[in-house]
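Report on one structure; see the data block that follows.
Number of protein chains: 2
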Amino acid sequence: MQPRVKNFTEMLRSDYPGQFCSIAKSLEVVGERWSLLIVRDVLNGHRRFSEMQQSLGIARNVLSSRLQRLVDEDILERRAYQESPARYEYFLTEKGLDLWPALIALMHWGDRYSSGPEGPPRLIVHKECGGEISDRGICERCGEVLHARDARQVPGPGWEAAVSATLPVAGELDR
Amino acid sequence: MQPRVKNFTEMLRSDYPGQFCSIAKSLEVVGERWSLLIVRDVLNGHRRFSEMQQSLGIARNVLSSRLQRLVDEDILERRAYQESPARYEYFLTEKGLDLWPALIALMHWGDRYSSGPEGPPRLIVHKECGGEISDRGICERCGEVLHARDARQVPGPGWEAAVSATLPVAGELDR
DNA sequence: GTCGCTCGGTTTCGTCAAGCAACCTATTGC
DNA sequence: GCAATAGGTTGCTTGACGAAACCGAGCGAC
Numbered sequence: 010m011q012p013r014v015k016n017f018t019e020m021l022r023s024d025y026p027g028q029f030c031s032i033a034k035s036l037e038v039v040g041e042r043w044s045l046l047i048v049r050d051v052l053n054g055h056r057r058f059s060e061m062q063q064s065l066g067i068a069r070n071v072l073s074s075r076l077q078r079l080v081d082e083d084i085l086e087r088r089a090y091q092e093s094p095a096r097y098e099y100f101l102t103e104k105g106l107d108l109w110p111a112l113i114a115l116m117h118w119g120d121r122y123s124s125g126p127e128g129p130p131r132l133i134v135h136k137e138c139g140g141e142i143s144d145r146g147i148c149e150r151c152g153e154v155l156h157a158r159d160a161r162q163v164p165g166p167g168w169e170a171a172v173s174a175t176l177p178v179a180g181e182l183d184r
Numbered sequence: 010m011q012p013r014v015k016n017f018t019e020m021l022r023s024d025y026p027g028q029f030c031s032i033a034k035s036l037e038v039v040g041e042r043w044s045l046l047i048v049r050d051v052l053n054g055h056r057r058f059s060e061m062q063q064s065l066g067i068a069r070n071v072l073s074s075r076l077q078r079l080v081d082e083d084i085l086e087r088r089a090y091q092e093s094p095a096r097y098e099y100f101l102t103e104k105g106l107d108l109w110p111a112l113i114a115l116m117h118w119g120d121r122y123s124s125g126p127e128g129p130p131r132l133i134v135h136k137e138c139g140g141e142i143s144d145r146g147i148c149e150r151c152g153e154v155l156h157a158r159d160a161r162q163v164p165g166p167g168w169e170a171a172v173s174a175t176l177p178v179a180g181e182l183d184r
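Going down the list, the sequences are from chains A and B. Here our numbering is used: the first residue of the first sequence is 10, the next is one more, and so on. Here our numbering is used: the first residue of the second sequence is 10, the next is one more, and so on.
Shown next as structure tokens:
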């Protein structure tokens, strides 16, 4: 008597059945392991499969399936930058860029509670005026409410405490 | 020839080894499935094990281990509200309350991209002036930058489209 | 007093997805 | 011909998730 459940198709997936809350809806899409880090990586200018794989240390099959999912959900867009052999780059859509405030909030939370005595490893600054950005994505110098394209990442005071790895210094967002 | 990895203690867990980014740090703590929804539930006034279990539809063992983890991480605090038999309630610590901006950002993202034609199922309003709250956690009426305690949840226009379940109408945050 | 119920879990067991490694295809460089 | 690179896919192992059963202290009804 094994069949305890009838429809496996809708069980045990990444969804949160019965939740009619937009947080749950969001997490169904970007709440899987690695998903938000992939979005962050693309924001930081990592656009290619192997770049992300190296930067994240994620298994290739998992990266592949996450990218597929993010493209299906219209968070990333896959574009060929050459043919034969086909090679691709991934870009954030508007929907993907709109995740920026959530990422900023999570980053500040991590900065506050998990970064070492040296301070945060990375800072986000306003491209225009160079001011630092608050947990709400607001420029602390000029007060503007910013969006993904208005910001740029720079190494923070805690940067030296890590590194050795492969990450570029300051990823610009081109799209 | 099984031992492909040496130290399982630090492999395959909920961490993201090699990432020196505060987003990764945050996700190590609250990125597990259900964790953020539990925090949201406590924010909404669900404080007891069985309340959360019913509201979330989560397996009891998983809820148990998540609560344990969140208490260990100092995001929740467990307090006995009676002895023999010991019964507990969970409250958010300051660290837990500080997750509010991230939750608000995720909620707005879900509202924008996943809610039905009726509109979002829930709204967050400023307790003092009743104004709606933006994706940055700023009151759209009075312009104040808010924190968890300043806000209150009310049913939104898309509320009717769901329900039937057990959730209370508007959870106040007491702590 | 014992039957059943509630609360807050823990235990058991089965399934599924994450992780690793090997393989594949097509092209370029030497 | 041989190796390297890019972007995956396939196969296998292991650990996390989910459902249901169990537990144990108290309480109310009979």
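The beta carbon of each residue, even a glycine, is placed where N, CA and C say it ideally should be. Every value quoted in this text rests on a predicted model; they were computed, and no experiment measured them.
For Arg87 of chain B, does the count of other Cβ atoms within 10 angstroms reach 16, so buried, or fall short, so exposed? exposed
Beta-carbon proximity list for Pro166 of chain B, same chain, < 6 angstroms, skipping 5 on both sides: Glu127 and Gly128
Burial state of Ala163 of chain B, where buried means 16 or more other Cβ atoms lie within 10 Å: The question names Ala, but residue 163 of chain B in the sequence shown is Val. Under this definition Val163 of chain B is an exposed residue.
Measure the CB-CB distance between Leu36 of chain A and Leu115 of chain B and report whether it falls below 9 angstroms. yes
Report the three-state DSSP secondary structure of Leu85 of chain B (helix, strand or coil). strand
Closest Cβ-Cβ distance between Met116 of chain A and chain B: below 9 angstroms? yes
So, is the C-beta of Gly54 of chain B closer than 9 angstroms to a C-beta in chain A? no
Counting Cβ pairs, one atom from each stretch, are 3 or more of them under 8 angstroms apart for the segment 66-78 of chain A and the segment 42-49 of chain A? yes
Just grab the DSSP bridge partners of Val163 of chain B for me. B:Leu132
When you compare each of A:Arg56, A:His117, A:Arg161 and A:Trp168 to Leu200 of chain A by their alpha carbons, which one comes out closest? This structure does not reach residue 200 of chain A, given that chain A is present from 10 up to 184, and the question cannot be answered.
For the putative contact between Lys34 of chain B and Ser123 of chain A, defined by C-beta atoms under 8 angstroms, what is the C-beta separation to the nearest angstrom? 4 angstroms
Output yes or no for whether 9 angstroms exceeds the beta carbon distance between Val71 of chain A and Tyr99 of chain A. no
Near Gly105 of chain A, which residues of its chain fall below 7 angstroms by C-beta distance, leaving aside the five closest residues on each side in sequence? Val48, Ile84 and Leu85
From the DSSP output, read off the bridge partner residues of Leu101 of chain A. A:Leu85
So that I know if they touch, is there some Cβ in chain A lying closer than 9 angstroms to that of Arg13 of chain B? At Arg13 of chain B, the pLDDT of 26 sits below 50, so the modelled position is not reliable; the number obtained from the coordinates is stated separately. Answer no: the Cβ-Cβ gap between Arg13 of chain B and chain A never drops below 9 angstroms.
In whole angstroms, what is the alpha-carbon distance linking Arg22 of chain B and Gly66 of chain A? With a pLDDT of only 44 at Arg22 of chain B, under the threshold of 50, the placement of this residue in the model should not be trusted, and no figure is reported.
Just the C-alpha distance for Val134 of chain A and Glu149 of chain A, rounded to the nearest angstrom, thanks. 9 angstroms
Shorter than 9 angstroms from the beta carbon of Val178 of chain B to some beta carbon of chain A? Because Val178 of chain B carries a pLDDT of 38, less than 50, the predicted location of this residue cannot be relied on, and the following value inherits that uncertainty. By this cut-off, Val178 of chain B is not an interface position.
On a Cα-Cα basis, can you pick out the residue from A:Val39, A:Gly40, A:Pro130 and A:Cys151 that is closest to Trp168 of chain A? A:Pro130
Span separating the alpha-carbon of Arg145 of chain B from that of Glu92 of chain A: 42 angstroms
Same chain, Cβ closer than 7 angstroms to Arg157 of chain B, five either side skipped, listed in chain order: Just to set this straight, residue 157 of chain B is Ala in the shown sequence, not Arg. Answer for Ala157 of chain B: Leu52, Leu106, Trp109 and Leu182, listed in chain order.
Identify every run of the alpha helix (DSSP H) within the segment 48-79 of chain B, keeping only runs that are complete inside it and at least 4 residues long; order them along the chain. 58-65
Given that a residue counts as buried once 16 or more other Cβ atoms are within 10 Å of its Cβ, and exposed if not, what is Glu141 of chain A? exposed
Taking the continuous alpha helix (DSSP H) assigned at Val38 of chain B, which residues delimit it? Ser31 to Val39
Please tell me whether Val154 of chain B and Ile147 of chain A are closer than 9 angstroms, where the distance is taken between their beta carbons. yes
So which residues on chain B does Ala33 of chain A lean against when the C-beta distance must stay under 7 angstroms? Leu46
Which residues, in order along the segment 149-166 of chain A, keep a beta-carbon less than 8 angstroms from a beta-carbon of chain B? Val154
Measuring straight from C-alpha to C-alpha, what distance separates Leu176 of chain B and Glu103 of chain B? Unreliable placement is indicated for Leu176 of chain B, whose pLDDT of 40 sits below 50; no coordinate value is reported for it.
In chain A, which residues lie with their C-beta within 9 angstroms of the C-beta of Arg121 of chain B? Ser31, Lys104 and Asp107
Chain A contacts made by the segment 62-90 of chain B, where a contact means CB separation under 8 angstroms: Leu65 and Gly66
Pro129 of chain A touches chain B at which residues, Cβ-Cβ below 8 angstroms? Ser31
Using the rule of at least 16 other Cβ atoms within 10 Å of the residue's Cβ for burial, across every protein chain shown, is Gly152 of chain B buried or exposed? exposed
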